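*Asks:* Residues 2 to 313 in my numbering are what the sequence shown lists, from first letter to last. I'd like to ask some things about the structure below.
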Amino acid sequence: MMPTKKSLKIATRSSVLAMQQANTVKTALESKFSDYIFELYVVDSEIGDLNKDKPLAGLGLGVFVKSIEQALLNKTADIAVHSLKDVPTILTYGLEIVAYMEREDARDVLVSRFNCQFDKLPERSSIGTSSPRRTAQIVSERKDLEIIPIRGNVPTRLNKIQDLECDSVILAAAGLIRLGLEDKVTQYLPINSFIPAPGQGIIGVQIRSEDTECLQLVRQLDNKDSRACATAERTFLKLLGSGCQLPVGAHGVVKNECLELHVSVANIEEGTSFFNSETGDINNPEKLAKDIKLKLERSGAKEIINQFMENN
Numbered sequence: 002m003m004p005t006k007k008s009l010k011i012a013t014r015s016s017v018l019a020m021q022q023a024n025t026v027k028t029a030l031e032s033k034f035s036d037y038i039f040e041l042y043v044v045d046s047e048i049g050d051l052n053k054d055k056p057l058a059g060l061g062l063g064v065f066v067k068s069i070e071q072a073l074l075n076k077t078a079d080i081a082v083h084s085l086k087d088v089p090t091i092l093t094y095g096l097e098i099v100a101y102m103e104r105e106d107a108r109d110v111l112v113s114r115f116n117c118q119f120d121k122l123p124e125r126s127s128i129g130t131s132s133p134r135r136t137a138q139i140v141s142e143r144k145d146l147e148i149i150p151i152r153g154n155v156p157t158r159l160n161k162i163q164d165l166e167c168d169s170v171i172l173a174a175a176g177l178i179r180l181g182l183e184d185k186v187t188q189y190l191p192i193n194s195f196i197p198a199p200g201q202g203i204i205g206v207q208i209r210s211e212d213t214e215c216l217q218l219v220r221q222l223d224n225k226d227s228r229a230c231a232t233a234e235r236t237f238l239k240l241l242g243s244g245c246q247l248p249v250g251a252h253g254v255v256k257n258e259c260l261e262l263h264v265s266v267a268n269i270e271e272g273t274s275f276f277n278s279e280t281g282d283i284n285n286p287e288k289l290a291k292d293i294k295l296k297l298e299r300s301g302a303k304e305i306i307n308q309f310m311e312n313n
């Protein structure tokens with residue numbers, strides 16, 4: 002008689018993109034561990050999904066992860082899958098991210114009815130985003146554009162153009178690629194002026210800290226470069242005392258066994274932005290994040306950084 006395979010449940014949100022990401026993790030685990038059965042456990046009650054009228058910045062931290070994490074803590078699920086950019090920098094006690102999967106394209110993209118590049122968009126045309134970071138970056142480049150607050154999953158935001166609610170939208174490239182919607186992209190925006198959110202393009206896989214069995218399985222999905230980049234980016238965000246809904250960009254790149262970190266901070270009201278870059282040891286991403294924070298402060302961004310830290 003064949004031994005019964007053990008079943009492990011993978012918690013995910015119900016959006017099309019979240020399900021796609023969870024299936025990516027499920028397929029990767031199945032390819033490595035044929036003596037287990039991996040099942041999806043769909044959570045429908047995330048605050049960020051239920052409250053679509055209120056701006057994300059007003060909902061607090063972790064609005065797309067809390068219910069999924071609770072499923073882990075309650076032991077109704079064994080593994081959780083997140084878009085890393087949605088995960089607060091201070092992790093819930095008793096849980097840890099043990100796999101940072103290979104990064105998808107981290108850039109932001111423009112999708113526009115005008116089918117032209119960002120700098121060629123008609124004056125005073127409208128552009129949709131719910132992100133303070135993207136808002137600050139748009140204002141820094143094009144003060145003439147009308148910014149329309151929009152919420153919803155990727156298909157919903159794309160439909161805003163079709164429904165004439167806005168002329169263009171800015172989205173994460175990774176979401177469109179994972180959904181097979183690359184043909185919708187009008188322009189991949191340059192990272193030097195549109196620095197992505199910390200963790201953008203990376204799937205984070207989370208387990209209970211005490212679960213040594215799942216640790217042995219899930220850590221096989223970890224990507225060294227993704228981990229180094231994510232650690233630097235998220236440490237920088239954490240040092241500012243800020244969450245994912247503040248105008249902060251951070252993007253790490255591994256080159257020749259070194260780690261480059263590119264960051265931006267902004268004051269939306271004043272329309273001012275500061276950018277900086279630093280290279281450091283790939284094995285010490287935390288130090289790189291600390292170094293670039295100091296460099297930013299010396300370059301004139303100290304007042305903005307102090308405001309972030311006072312308000313969080």
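For every residue, glycine included, the Cβ atom is placed at its ideal position computed from N, Cα and C. Because the structure is a prediction, the values reported are computed rather than measured.
Buried or exposed: residue 45, going by 16 or more other Cβ atoms within 10 Å of its Cβ?
*Replies:* Taking the first residue of the sequence shown as 1, we reach residue 45 at position 44. Counting Cβ neighbours within 10 Å, residue 45 comes out exposed, since fewer than 16 surround it.
*Asks:* Between the Cα of residue 43 and the Cα atoms of 88, 73 and 187, which residue gives the shortest distance?
*Replies:* Along the sequence shown, one-based indexing puts residue 43 at 42. If we check each option's Cα against that of residue 43, 73 comes out closest.
*Asks:* Go to residue 226, then tell me how far its alpha helix (DSSP H) extends in each direction, as first and last residue.
*Replies:* Here residue 226 corresponds to residue number 225 of the sequence shown, with the count starting at 1. Here the alpha helix (DSSP H) through residue 226 covers 225-240.
*Asks:* How would you call residue 297, buried or exposed, if buried means at least 16 neighbouring beta carbons within 10 angstroms?
*Replies:* As a position in the sequence shown, residue 297 is number 296, starting the count at 1. So residue 297 ends up on the buried side.
*Asks:* Report all residues from its chain with a CB closer than 7 Å to the CB of residue 18; omit the five preceding and five following residues, and keep chain order.
*Replies:* Looking up residue 18 in the sequence shown gives position 17. Same-chain partners within the cutoff: 154, 155, 176, 179 and 180.
*Asks:* Going by the DSSP bridge assignment, what does residue 39 pair with across the sheet?
*Replies:* For this step, residue 39 is matched to residue 38 along the sequence shown. Partner(s): 9.
*Asks:* Look at the alpha carbon of residue 25 and the alpha carbon of residue 212, and state the distance between them as a whole number of angstroms.
*Replies:* Locating residue 25 in the sequence shown gives position 24, counting from the first residue. Locating residue 212 in the sequence shown gives position 211, counting from the first residue. The alpha-carbon atoms of residue 25 and residue 212 are separated by roughly 22 Å.
*Asks:* What's the C-alpha gap between residue 283 and residue 300?
*Replies:* Counting from one through the sequence shown, the residue named residue 283 turns up at place 282. Counting from one through the sequence shown, the residue named residue 300 turns up at place 299. Roughly 24 Å separates the two Cα atoms.
*Asks:* Within its chain, find whatever has a CB closer than 6 Å to the CB of residue 196; leave out the 5 residues flanking it on each side and keep chain order.
*Replies:* Residue numbering aside, residue 196 sits at position 195 when the sequence shown is read from its first letter. Excluding residues within five positions, the ones whose Cβ falls inside 6 Å are 250, 252, 263 and 265.
*Asks:* Please report the residue range of the beta strand (DSSP E) in which residue 208 lies.
*Replies:* One-based indexing of the sequence shown puts residue 208 at position 207. Looking at the DSSP string, the run of the beta strand (DSSP E) that includes residue 208 is 204-209.
*Asks:* For residue 40, tell me which candidate among 121, 32 and 9 has the shortest Cα-Cα distance.
*Replies:* Taking the sequence shown and counting its residues from 1, the one referred to as residue 40 is at position 39. Considering only alpha carbons, the answer is 9.
*Asks:* Let's see if you can read the secondary structure: which residues bound the beta strand (DSSP E) around residue 258?
*Replies:* The residue labelled residue 258 in the question sits at position 257 within the sequence shown. From DSSP, residue 258 is part of no beta strand (DSSP E); its letter is neither H nor E.
*Asks:* Can you name, in chain order, every residue of its own chain whose Cβ lies under 6 Å from the Cβ of residue 280, other than the five neighbours on each side?
*Replies:* For the purposes of this step, residue 280 is identified with residue 279 of the sequence shown, where counting begins at 1. So the list reads 259 and 261, once near-sequence residues are dropped.
*Asks:* Measure the C-alpha to C-alpha separation of residue 277 and residue 141 and round it to an integer number of angstroms.
*Replies:* The residue labelled residue 277 in the question sits at position 276 within the sequence shown. The residue labelled residue 141 in the question sits at position 140 within the sequence shown. If I take the Cα positions, the gap works out to 15 Å.
*Asks:* Return yes when the Cβ of residue 290 is within less than 9 Å of the Cβ of residue 240, no when it is not.
*Replies:* The residue you call residue 240 lines up with position 239 of the sequence shown. The residue you call residue 290 lines up with position 289 of the sequence shown. Yes, they are a contact pair.
*Asks:* Got a sec? Which residues, its chain only, sit under 8 Å from residue 306 by beta carbon, not counting five neighbours each side?
*Replies:* Position 305 of the sequence shown holds residue 306. So the qualifying residues of the chain are 241, 266, 294, 297 and 298.
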